[in-house]
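Residue numbers for the sequence shown follow the numbering used here, so the first one is 6 and each next one is one higher. What follows is one structure encoded as structure tokens, with my remarks underneath.
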Amino acid sequence: MVSRNELVNFLNTYFSVEKYGPDPAMSRFVPLVYENFDWREYFTEYFFTLFNGLMISGDDYVNHVFGSVFPTEEVLNQFINEAEFGDLLFLHHPIDMECGDPQGKSGRFILPIKKELLNRIKNKKLSIYSCHHPLDCHYEISTGIAIAKEIGLKNITPCIKQAGEFVGLIGEIDDISSDKLIEKLKAIFCIPYLDFGGKVNNTIKKVVIVPGSGDKIDFFKEAETSGVDAYISGEIHSHIDNEKGKAKMEEALEYMKDSEMSFFGVSHASSEFLVIKKMVLPFLAKKFELPAKEIPLSNWWH
Ligand SMILES: [Zn+2]
Ligand SMILES: [Zn+2]
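Put into structure tokens, the structure is as follows:
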């Protein structure tokens, strides 16, 4: 058992949550997505100031820590059902995000947590902690470092800035073909297929990792200028069902026509779950001697 305050204060300090001010993406998305009720009633003042940190404050003591990437209905139902009074869920995104399936349905983009689920979380006095931007750019435990470790990247240097911090990593791997890399990534990210684009390369040496939404032309250009052969991201194309999503898809396809790089999309959700599963939860379990459990999505192309 650990005091919730002790756990939360440790996380806030470790991830320098206050240093970044309001989260660059979530401070826009969260107020936008809740329309029909006052979400602030459910969330802490700390959270609706910074959009990171303790989002829902439950009991004073935590017995088990859970971790996932997005608060989908499936994830929250499992958390509520399996958690004991006071337990805490660590998330990367504070709201759900449907990014769409390259071989299936398009995504609806950002989605609120339903009021009914928020009530059940409150009734069981559970806590939710979310850490977005600070987890993307941390120097020890980050979405990118987790992927780099799993792929076996060497000579790593940070690259690609977002909101003033590096969110990408460039490094080298032992020569591998696009086809072999696809198989390797499918196994690492537990996905049945990838989103692939650009050129088929027989010898990939230099790789960039951009977790989450990497489908940005500026990011592509920076990687290409650095001599990268493989661009690995959560999203390489937008599969989001709105005007902006369609425009981004067009732009990305246009860029890939003349690019020398191979592009690998492993799904936004899976690209950011790895750090939760492999780094955040084992770290907290050890530090606070707490049982920790990850909650995966049943479909990563969510
Ligand atoms: Zn992220
Ligand atoms: Zn993300």
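Beta carbons: idealized from backbone N, C-alpha and C, even for Gly.
Excluding the five sequence neighbours on either side, which residues of its own chain have a C-beta within less than 6 Å of the C-beta of K298, listed in chain order?
Stepping through the sequence shown from its first residue, residue 298 is reached at position 293. Result list for K298: F71, in chain order.
Can you tell me which of the three DSSP states L193 falls into?
Your numbering for residue 193 matches position 188 in the sequence shown. In the sequence as displayed, the identity of residue 193 is Ile instead of Leu. Three-state result, I193: helix.
For L96, the residue or residues it bridges with in DSSP
As a first step, residue 96 must be located in the sequence shown, where it is residue number 91. Note: L96 sits in a beta bridge opposite S73 and S135.
For C142 and P216, I'd like the C-alpha separation in whole angstroms.
Start at 1 with the first residue of the sequence shown, and residue 142 comes out as number 137. Start at 1 with the first residue of the sequence shown, and residue 216 comes out as number 211. Roughly 10 Å between the two C-alpha positions.
Exposed unless 16 or more other CB atoms sit within 10 angstroms - verdict on A318
Residue 318 lies beyond the stretch modelled for the chain, which goes from 6 to 307, so this question has no answer here.
What is the DSSP secondary structure of Y236, counted as helix, strand or coil?
Start at 1 with the first residue of the sequence shown, and residue 236 comes out as number 231. Here Y236 sits in strand by DSSP.
Coil, strand or helix - V13 by DSSP
For the purposes of this step, residue 13 is taken as the residue at position 8 of the sequence shown. If DSSP states are grouped into helix, strand and coil, V13 belongs with the helices.
Got a sec: does ligand 2 put a non-hydrogen atom nearer than 7 Å to the Cβ of H143?
By 1-based counting over the sequence shown, the position of residue 143 is 138. Flag unset: Cβ of H143 not near ligand 2.
Report whether the distance from the Cβ of G217 to the nearest heavy atom of ligand 1 is below 7 Å.
Looking up residue 217 in the sequence shown gives position 212. It does: the Cβ of G217 is within 7 Å (strictly closer) of some heavy atom of ligand 1.
Based on DSSP bridge pairs, tell me the residues matched to T230.
To locate residue 230, count along the sequence shown from 1; it is residue 225. Paired residues: none, contrary to the question.
Just to confirm, is the Cβ distance from M60 to F48 under 8 Å?
Along the sequence shown, one-based indexing puts residue 60 at 55. Along the sequence shown, one-based indexing puts residue 48 at 43. Cβ distance < 8 Å, so M60 and F48 count as in contact.
How would you call I222, buried or exposed, if buried means at least 16 neighbouring beta carbons within 10 angstroms?
Against the sequence shown, residue 222 aligns to sequence position 217. I222 comes out exposed.
Under the three-state reduction of DSSP, which class applies to A30: helix, strand or coil?
Here the question's residue 30 lines up with position 25 in the sequence shown. Taken through DSSP and simplified to helix, strand or coil, A30 comes out as coil.
Say whether chain C places a C-beta atom closer than 8 Å to the C-beta of N57.
No chain C is present in this structure, which holds just one protein chain.
Using only the alpha-carbon positions, how far apart do K154 and L96 sit?
Mapped onto the sequence shown, residue 154 falls at position 149. Mapped onto the sequence shown, residue 96 falls at position 91. Those two C-alpha atoms are separated by around 21 Å.
Close Cβ partners of F288 (< 8 Å) along its chain, the five nearest in sequence each way excluded:
What you label residue 288 is simply residue 283 of the sequence shown in a count that begins at 1. Here the set comprises I146.
Within a Cβ cutoff of 6 Å, which residues of the same chain sit near L81, ignoring the five residues on either side of it in sequence?
The residue you call residue 81 lines up with position 76 of the sequence shown. Excluding sequence neighbours, L81 sits near L122.
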